[in-house]
Amino acid sequence: MTGSFLEKGFNFNDIDIIIIYNKKLNELHLSKKIESMFGIKTHILLIDNKSLLEGFSSDPIYQLMLSKCVSSKRLIIKSTNRFDFKKLDLHLLKSKNLSDNFELLSGKEKYDLIRNVVAISLFIKNQKVNKESVDREIKIELRLDTKEIIENKIEKKSFSKEYEKYYSKTLNKIMNEIKNGSK
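The opening position of the sequence shown corresponds to residue 57 in the working numbering, with each subsequent residue numbered one higher.
Laid out in structure tokens, this is it:
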């Protein structure tokens, strides 16, 4: 299990479950069974061990997701970052229009989009990607408190300037790597 369910307090909407399998499972059936047992919405990610290791080494969101998890078996993942800059560019695109849609988004949605950019930035700088490092980077680089973001108490004008600068810096690093022949 992973995700907000494991965070302090009771601010979660669902349970995120990763099932590492070596034979095909019925995801919909499992999800319905777990939801009926616990009475809460469930997101299930079925993944084989090879794909999990591949995702962990090339995707900062996997690293963020697995930085805090509970498992029935010890989960030890040792890998080095493998940069696929075209894939990272696609992930970054998700957060591109945050400033344009600022008024339409909830605090949680804003935090998720900010977290996405920061996780990618930390990953390409080859730094550790976990909730603590992401929140620390948000506080230092964007001068924001994550609690204020989630509670939707940030001001657009001051936020947008810092965010756009941080987003552009991250995008430029990725584009330079693509231009210089990286994946």
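Don't be surprised by glycine CBs; every beta carbon is placed ideally from N, CA and C.
Report task. For D156, count neighbouring C-beta atoms within 10 Å of its own C-beta (all shown protein chains included) and say buried if the count is 16 or more, exposed if not. Result -> Numbered from 1 along the sequence shown, position 100 holds the residue referred to as residue 156. Classification for D156: exposed.
Span of the beta strand (DSSP E), counted from its first residue to its last, around K134: As a first step, residue 134 is located in the sequence shown; it is residue number 78 there, counting from the start. Taken as a continuous stretch (DSSP letters only), K134 belongs to no beta strand (DSSP E), as it is neither H nor E.
- Query: Contact check, V173 vs S151 under 8 Å by CB: the rounded distance?
  - Reply: Position 117 of the sequence shown holds residue 173. Position 95 of the sequence shown holds residue 151. That pair is a contact at about 5 Å.
Check: Under the DSSP definition of a beta bridge, which residues are partnered with K103?
Finding: By one-based count along the sequence shown, residue 103 stands at place 47. For clarity, residue 103 is Ile in the given sequence; the question names Lys instead. DSSP, once it has assigned bridges, lists I76 as partnering I103.
Counted within 10 angstroms of its Cβ, other Cβ atoms place K195 as buried (16 or more) or exposed: For the purposes of this step, residue 195 is taken as residue 139 along the sequence shown, with counting starting at 1. K195 is exposed by the Cβ-count criterion.
Checklist entry - Taking the C-alpha atoms as reference points, what is the distance between D72 and L169? => result Translated into positions along the sequence shown, residue 72 becomes position 16. Translated into positions along the sequence shown, residue 169 becomes position 113. Approximately 18 Å, taken between the alpha carbons.
Counting pairs of Cβ atoms below 8 Å between the segment 136 to 154 and the segment 211 to 229, do you hit three or more? yes
Taking Cβ to Cβ, would you say E233 is nearer than 8 Å to F112?
Indexing the sequence shown from 1 puts residue 233 at position 177. Indexing the sequence shown from 1 puts residue 112 at position 56. Cβ distance not < 8 Å, so E233 and F112 don't count as in contact.
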